[in-house]
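Q: Start counting the sequence shown at 1012; every next residue gets the next number (the numbering used here). Beta carbons: idealized from backbone N, C-alpha and C, even for Gly. Owing to the predicted nature of the structure, the values given are computational and were not obtained by experimental measurement.
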Amino acid sequence: MKHILKAVTVAASLAILATPALSATRLKFAHPAPDTDLSHKMALQFAEQVKTGTNGSVVVDVFPNGQLGTDEQMIDGVRSGIISFTLVGLNNFSGMLPASGSFSLPFMFPDRATAYKVLDGAPGQSVAADMEEFGMKSMGFPDNGYRNITNNRGPIRVPADLSGLRMRVNNSKALNDLFQALDANPQQIPVAELYTALETGVVDAQDHPIWVVEAFKFFEVQKYLSLSQHAYSALALVMNLESFESLTADEKTVLVQAAADAVAFQREGNEAAEEKQIEFLISEGMEVNRDVDSAAFQEASKPVWDKFIEDNGSDMIDAIQEASK
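#1: Quick one: using the 10 Å Cβ neighbour count with 16 as the cut-off for buried, is Met1327 buried or exposed?
#2: Contact between the segment 1058-1066 and the segment 1150-1167: three or more CB pairs below 8 angstroms?
#3: Got a sec? Which residues, its chain only, sit under 6 angstroms from Ile1293 by beta carbon, not counting five neighbours each side?
#4: Compute the Euclidean distance between the alpha carbons of Ser1257 and Val1265, then round it to the nearest angstrom.
#5: Assess contact between the segment 1177-1187 and the segment 1098-1109, defined as three or more Cβ pairs (one per stretch) separated by less than 8 angstroms. Is contact present?
#6: Given Tyr1243, which residues of its chain have a CB within under 7 angstroms of its CB, disregarding the five upstream and five downstream residues?
#7: In the DSSP output, what is Ile1160 paired with across the bridge?
#8: Starting from Phe952, trace the beta strand (DSSP E) both ways and give me its first and last residue.
#9: Which first and last residues belong to the beta strand (DSSP E) in which Arg1177 is found?
#10: Applying the 10 Å Cβ sphere with the 16-neighbour rule, what's the burial state of Glu1225?
#11: When DSSP builds the beta bridges, which residues end up paired with Met1250?
#12: Can you tell me whether DSSP reads Asn1155 as helix, strand or coil?
#13: So which of Phe1114, Asp1154, Arg1301 has the shortest CA-CA distance to Val1138?
#14: Going by other Cβ atoms of all chains shown within 10 Å of its Cβ, with 16 needed for buried, is Asp1172 buried or exposed?
#15: Between Tyr1206, Trp1222, Met1142, which lies nearest to His1051 when the distance is taken from Cα to Cα?
#16: Between which two residues does the beta strand (DSSP E) holding Asp1122 run?
#17: At a cut of 8 angstroms, does the segment 1276-1288 reach the segment 1306-1316 through at least three beta carbon pairs?
#18: So, is Ala1124 buried or exposed, given that buried needs 16 or more other C-beta atoms within 10 angstroms?
#19: Taking only the alpha-carbon atoms, compute the straight-line gap between Asp1261 and Ser1091 and give it to the nearest angstrom.
#20: Go ahead and pull the three-state DSSP assignment for Phe1255.
#21: Looking only at its own chain, which residues have a Cβ that is under 7 angstroms from the Cβ of Ala1032, when we skip the five neighbours before and after it?
#22: Going along the chain, which residues of its own chain have a beta-carbon closer than 6 angstroms to the beta-carbon of Asp1048, five neighbours each way excluded?
#23: Scan the segment 1272-1307 and note each continuous beta strand (DSSP E) run of 3 residues or more that stays entirely inside, going in chain order.
#24: Note down the Cα distance separating Leu1186 from Gly1324, rounded to an integer number of angstroms.
#25: Would you please state the rounded distance, in angstroms, between the beta carbons of Arg1168 and Val1303? I believe it to be under 8 angstroms.
#26: If you draw a straight line from the alpha carbon of Gln1199 to that of Ser1034, how long is it in whole angstroms?
#27: Suppose the cutoff is 6 angstroms on Cβ atoms and the five residues either side in sequence are ignored; what does the same chain contact list for Glu1210 look like?
#28: Leaving out the 5 sequence neighbours to the left and right, which residues in its chain are closer than 8 angstroms to Glu1295 when beta-carbon positions are compared?
#29: In the DSSP assignment, find the beta strand (DSSP E) that holds Asn1196 and state where it starts and stops.
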């Protein structure tokens, strides 16, 4: 009988060890992308890897489609701890971290490989370290792609083609300054409100990476897509710092690895999908032109760089350019 009781006790102990924690730590992951988009798939992969890797002691609940607010509201939510994670454009952090605006300067990166090298290197990690002063833990910089221009007036081939366009812009000062320099009329509108603004003619044009044009269905209210690639746009995956620090060492290790894997997955998928997305937009009736005079646009953007350096100094720009070599 004693042997039987001992066997039962051992079996019960093993069962407890193999069973996910009953009081799991639940973390909210909010982002603005539709649930059909690769960024949402990335979030789901991250959540699944965290759950599996921690044996259920940490569970991540994902909220897509801007359910928990605008980009700015989600960042505030992470800082306060109401939200655990968010995935938004790096440009949204330039108000609190002005140097991070360097990454969004026009024509900063010649290709994605260079952008990844810089973001994963010293310049990106410097921004990541600065985020901790604002209660956030950087978990990586996924790919948002190059920004391109859509509008309803005609193809954009030279800077003069933007003259007079009512242009929706994000909160990047560098991009606001760029479109002002190009004689457009920039207006800041949250992406969640942009479809209606384009549909009703509040603005004539906007600039976003290709995936956004498809995911947010801007092709339904925009006729022309010009592949200007005037600025690289990174995403930032951030976590509430206090929530991260409250985890066990093993749980932290799982989260960091899951984030790295999710970023790699998203970058590879986003880049690979771009040409198919362009083909889809053409099939939906958009007219796409690639014959953009990049040299003319780069020349027109020089005052934007000068103004940025005047306001913020050149330290981060110099670091980016050194890391790009």
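A: Short version:
#1: buried
#2: no
#3: Val1299
#4: 14 angstroms
#5: yes
#6: Met1119, Phe1120, Ala1126, Tyr1157
#7: Asp1218, Ser1237
#8: Since the displayed the chain opens at 1012 and closes at 1336, residue 952 lies outside it and no answer follows.
#9: 1177-1180
#10: buried
#11: Phe1096, Lys1148
#12: strand
#13: Phe1114
#14: buried
#15: Trp1222
#16: Careful: Asp1122 lies outside any beta strand (DSSP E) and carries neither H nor E.
#17: no
#18: exposed
#19: 24 angstroms
#20: helix
#21: Confidence in Ala1032 is poor, its pLDDT being 47 and thus under 50, which makes the residue's placement unreliable; the coordinate value appears in the next sentence. Around Ala1032: Gly1067, Ser1068.
#22: Ala1226
#23: 1298-1300
#24: 17 angstroms
#25: 6 angstroms
#26: 43 angstroms
#27: Val1232
#28: Phe1230, Glu1231
#29: 1196-1199
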